[in-house]
Amino acid sequence: MDSFAFIIHPIDPKRDVSRKFPLLGRLLNVQQINFLSTYFPPVYISQIDGLRSESTGKEVRGWFVACPLTPARMLELPEKTVYRKIVETGKLAERLGAQVLGLGAFTSVVGDAGVTIAQQLSIPVTTGDSYTVAIAVEAVRAAAQQMEIPLAGATAAVMGATGAVGAAAAELLAAEVGKLWLIGRRADALLALRDRLRATTSAEVEIATSEAKPSPLAEADLILTVTSALDTVIEPRHLRPGAVVCDVARPRDVSARVAAERDDVLVIDGGMVQVPGTGTAFNFNFGFPPDKVYACMAETMALALEGRFESFTLGRQITVAQVREIAAIAAKHGFKLSGFRSFERAVTAADLARVAERAHAARRARGQR
Ligand SMILES: NC(=O)c1ccc[n+]([C@@H]2O[C@H](COP(=O)([O-])OP(=O)(O)OC[C@H]3O[C@@H](n4cnc5c(N)ncnc54)[C@H](OP(=O)(O)O)[C@@H]3O)[C@@H](O)[C@H]2O)c1
Numbered sequence: 002m003d004s005f006a007f008i009i010h011p012i013d014p015k016r017d018v019s020r021k022f023p024l025l026g027r028l029l030n031v032q033q034i035n036f037l038s039t040y041f042p043p044v045y046i047s048q049i050d051g052l053r054s055e056s057t058g059k060e061v062r063g064w065f066v067a068c069p070l071t072p073a074r075m076l077e078l079p080e081k082t083v084y085r086k087i088v089e090t091g092k093l094a095e096r097l098g099a100q101v102l103g104l105g106a107f108t109s110v111v112g113d114a115g116v117t118i119a120q121q122l123s124i125p126v127t128t129g130d131s132y133t134v135a136i137a138v139e140a141v142r143a144a145a146q147q148m149e150i151p152l153a154g155a156t157a158a159v160m161g162a163t164g165a166v167g168a169a170a171a172e173l174l175a176a177e178v179g180k181l182w183l184i185g186r187r188a189d190a191l192l193a194l195r196d197r198l199r200a201t202t203s204a205e206v207e208i209a210t211s212e213a214k215p216s217p218l219a220e221a222d223l224i225l226t227v228t229s230a231l232d233t234v235i236e237p238r239h240l241r242p243g244a245v246v247c248d249v250a251r252p253r254d255v256s257a258r259v260a261a262e263r264d265d266v267l268v269i270d271g272g273m274v275q276v277p278g279t280g281t282a283f284n285f286n287f288g289f290p291p292d293k294v295y296a297c298m299a300e301t302m303a304l305a306l307e308g309r310f311e312s313f314t315l316g317r318q319i320t321v322a323q324v325r326e327i328a329a330i331a332a333k334h335g336f337k338l339s340g341f342r343s344f345e346r347a348v349t350a351a352d353l354a355r356v357a358e359r360a361h362a363a364r365r366a367r368g369q370r
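In the numbering used here, each number is its position in the sequence shown, counted from 1, plus 1.
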């Protein structure tokens with residue numbers, strides 16, 4: 002049977018370590034987990050059974066394997082040390098028999114986004130970023146429709162626009178919205194992206210660094226946020242009433258205070274995908290409801306179902322053609338955008354109606370449209 006493996010790692014150190022090692026998760030504090038993660042070996046997590054293509058009926062087997070490093074450790078440690086640990090985890094996947102390996106969360110962010118890691122393994126590697134782009138943009142479109150925000154007249158913003166996911170998502174959004182803000186840290190990279198997008202779309206494209214005051218986020222009807230920041234970068238004060246925010250970043254970019262303080266905005270968890278059928282057993286609780294996975298996991302699974310054992314997405318230059326191709330492969334096998342969730346809770350029709358009503362009231366109070 003064809004097979005895949007996917008590397009996960011602790012994102013919220015205490016919560017995620019507890020999922021596999023309840024006692025360690027209870028006894029150790031975050032600093033201890035961060036420190037000890039450097040010395041911990043790769044961890045076998047579980048076997049994934051019963052994933053079957055809706056169109057071909059082909060079934061594949063998979064494994065979750067964990068790189069013990071937390072995001073904080075991956076940013077602090079020398080790149081070589083981090084690569085070594087991710088490669089060791091990849092070798093565990095090779096020994097299990099995986100034919101393609103997906104890099105989850107920060108294992109695809111570190112260094113050159115998978116290129117060096119792939120060179121040191123004998124199986125193909127994918128970051129999953131191409132399908133993440135496809136699903137993130139589809140989620141923004143769907144949320145805009147739900148909130149009755151016509152795309153063509155909308156102002157959108159991509160936070161983390163110079164990143165692997167951000168740049169390709171910005172390119173797709175620029176073709177659909179009226180105005181697009183590109184926000185990131187490096188002015189030179191933002192300028193280069195702006196010039197490229199201005200040359201190919203009719204949208205008004207503007208740039209700002211994340212420290213800009215006032216933040217252009219306040220102008221945006223639609224925000225796609227996908228930075229590799231360890232701390233949150235979007236706070237309640239940044240958002241206009243009625244704004245839709247799709248948070249693809251893990252760790253999250255949107256502060257939990259937004260959920261607590263702003264009932265007039267819609268924040269959705271980006272990058273969540275429904276797998277084909279209902280027969281997939283993950284044999285590990287990674288915090289999602291049944292039959293739902295991150296888009297980067299779905300890319301790895303879809304490649305295995307398609308028998309495309311190749312390094313589909315590596316590095317930070319993702320093309321629109323790549324995004325369309327993986328979206329078509331995933332759709333063929335039955336993967337689709339999952340229903341909306343916000344801070345890990347399902348968003349109901351009543352929630353959407355309430356946000357729309359509160360946004361309307363807040364705009365009236367501010368004398369806005
Ligand atoms: N949900 C999913 O399925 C899924 C899949 C893939 C990735 N992700 C998540 O998506 C995020 C980004 O991944 P990526 O591969 O696109 O990473 P990346 O290529 O490293 O890009 C990160 C972007 O974030 C920007 N950034 C970093 N810190 C920032 C800060 N404090 N304020 C503003 N911007 C900041 C970077 O700016 P500079 O370029 O100027 O440094 C860059 O534009 C990560 O959190 C990752 O875990 C999620």
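Glycine included, C-beta positions come from ideal geometry on N, C-alpha and C.
In the DSSP secondary-structure assignment, C247 is bridged to L225, I269. When secondary structure is reduced to three states using DSSP, Y295 falls in the strand class.
Each of E212, A171, P277, A282 was checked against the Cα of V227, and the nearest Cα belongs to A171. With fewer than 16 other beta carbons inside 10 angstroms of its own, T320 counts as exposed.
Each residue's CA atom was taken as its position, placing A282 and S131 some 25 Å apart.
Distance from the CA of F285 to the CA of V246, rounded to the nearest whole angstrom, comes to 29 Å. Membership of M75 in the alpha helix (DSSP H) is indicated by the continuous run 72-77. A Cβ-Cβ contact shorter than 7 Å links P242 with A360. In this structure, the beta-carbon distance from V255 to D264 does not fall below 7 Å. Short note on T228: C-beta closer than 6 Å to some heavy atom of ligand 1. Exclusion of S216 from the 6 Å shell around ligand 1 follows from its C-beta lying no nearer than that to any non-hydrogen atom of the ligand. Under the criterion of beta carbons closer than 8 Å, V126 and L102 qualify as touching, at roughly 5 Å. Look at A176 here: in three-state DSSP terms it is coil, with no helix or strand label. I34 is the residue among A6, I8, I34 whose C-alpha sits nearest the C-alpha of K15.
One thing to note: D17 has its Cβ no nearer than 7 Å to the Cβ of V61. S47 is bridged by DSSP to F65. Checking the DSSP bridge columns, you'll see L104 partnered with I8. Per DSSP, the beta-bridge partners of M160 are I184, T226. In the DSSP assignment, the residues bridged to R342 are A347.
Burial state of L24 is exposed, judged by a 10 Å Cβ sphere holding fewer than 16 other Cβ atoms.
Residues of the same chain with a CB within less than 6 Å of the CB of T314, apart from the 5 flanking positions on each side, are T127, T128, D130, S131 in chain order. Under the Cβ criterion (8 Å, minimum of three pairs), the stretch 269-283 does not count as touching the stretch 84-91. Residues Y132, T133, I136, G272, V274 of the same chain have their beta carbon placed closer than 6 Å to that of A296, with the five preceding and five following residues left out of the count. Comparing alpha carbon positions, the residue from M298, A366, A193 closest to T108 is M298. In this structure, the C-beta of S211 approaches ligand 1 to less than 6 Å from one of its heavy atoms.
The beta carbons of A303 and A331 sit closer together than 7 Å. A distance criterion of 6 Å places the beta-carbon of Y295 in contact range of ligand 1, judged by its closest non-hydrogen atom. L192 counts as exposed, since fewer than 16 other C-beta atoms from the protein chains shown sit within 10 angstroms of its C-beta.
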